[in-house]
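So the sequence shown is residues 10 to 287, counted in the working numbering. Virtual Cβ for every residue (Gly too), placed ideally from N, Cα, C. Computed from a predicted model, the values in this text were never measured in an experiment. Quick notes on the structure that follows.
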Amino acid sequence: MGGQRPPKYHFSWPCQPSRSSHPHPHRTPHGIECCPDVNFGKYIIFFHRFACLFAGGIAVLGVGIWTVSEKHKYVALLTTGTYQSVAYILLLAGCTVIVAVCLGCCALRNEDRCTLMLYTFLLLLVFLLEAIGGVLAYIYEEQVMAELSLRLTDTFNDGYMVDEAVTQAVDDMQLEYKCCGALSFQEWSDSIWVESNPTMNNTVPDSCCKTPSPYCGVRDHPSNVWYTGCIHRFEDELGRHLVVLGAVGCGLSLIQVIGMILSCCLYVKLKDIEDQYK
């Protein structure tokens, strides 16, 4: 029977070889009437792929999109690109998972070992991306407070009305967090924006006002502007978000490990069956 193609084992229990693929349709080469290991493995991978991988991929992709769309506006206030990198790494991981799920469907449908191996390598890539993203998020979460304490005041004072991205980020933050300045409203007196405009009447940006309006920043009375600095609220929100990114990255990477183990087991089983028909 050399050169014969081994029968495909479809989603049935017990599995039955195709009648057209083998001269003895109810027997394997060794007289075994069914192959529950292969069929069971296919069921498990099928469930894992859709219930875990696809849902996990959508979750990672959603967190990445949310990070880029909702929190990206404050990236200009950070001195390193770690936060931004974590978001894009998780975005890439989510897209790769969706491709892997589609490839896994083809691998199980055709019982093709090459496609199954490619599927396994994609899971390995996703695992590495999610693990790297999660670890980076946790590491940066420990460093972000020190970074903001050292650099946020300089970013506010040196970048406002000098760098367009920083200016927009500062105004958005002061309006959203209801704060003024990095640590205090008084820091604006040392900013390049104030020092380079001696004839300007504003003492703080208009975005510091409790009721923002043109030139409302002329008067820095507590009844008019927020006295609380932005740094503490920014630290808290950024820290919590990095914890979420780290949990999603590290937690969901474990799903890929399970997927790789299952696909490798099925690969070995299919190889054993093909060897029997050589």
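Which of helix, strand or coil does DSSP assign to residue i?
i, result
"residue 189", "coil"
"residue 123", "helix"
"residue 89", "coil"
"residue 237", "strand"
"residue 274", "helix"
If you drop the 5 nearest sequence neighbours on each side, which residues of the same chain put their C-beta closer than 6 Å to that of residue i?
i, result
"residue 84", "93"
"residue 66", "103, 106 and 107"
"residue 265", "132, 135 and 136"
"residue 86", "164 and 178"
What residue range is occupied by the uninterrupted alpha helix (DSSP H) comprising residue i?
i, result
"residue 204", "201-204"
"residue 68", "64-75"
Compute the distance between the beta-carbons of residue i and residue j, then report whether it is under 8 Å.
i, j, result
"residue 239", "residue 191", "yes"
"residue 271", "residue 139", "no"
"residue 182", "residue 136", "no"
"residue 233", "residue 196", "no"
"residue 80", "residue 250", "yes"
"residue 124", "residue 111", "no"
"residue 95", "residue 248", "no"
"residue 269", "residue 132", "yes"
"residue 224", "residue 206", "no"
"residue 216", "residue 172", "no"
"residue 184", "residue 231", "no"
Got a sec? Which residues, its chain only, sit under 8 Å from residue i by beta carbon, not counting five neighbours each side?
i, result
"residue 252", "146, 147 and 150"
"residue 143", "254, 255, 256, 257, 258, 259, 260 and 262"
"residue 88", "156, 160 and 164"
"residue 273", "129"
"residue 199", "166"
Can you list, in chain order, the residues of its chain whose CB lies under 7 Å from that of residue i, leaving out five sequence neighbours each side?
i, result
"residue 213", "189, 194, 197, 226, 229 and 234"
"residue 170", "176 and 202"
"residue 127", "112"
"residue 101", "138"
"residue 69", "99, 102, 103, 106, 139, 257 and 261"
Should residue i be listed as close to the ligand ATP, given that the test is whether its C-beta is under 7 Å from any heavy atom?
i, result
"residue 220", "With respect to small molecules bound, the structure shown includes none, and the ligand ATP cannot be examined in it."
- beta strand (DSSP E) runs wholly inside the segment 130-198, at least 3 long, in chain order: none
- Can you list the beta strand (DSSP E) stretches of 3 or more residues lying completely in the segment 204-270, in chain order? none
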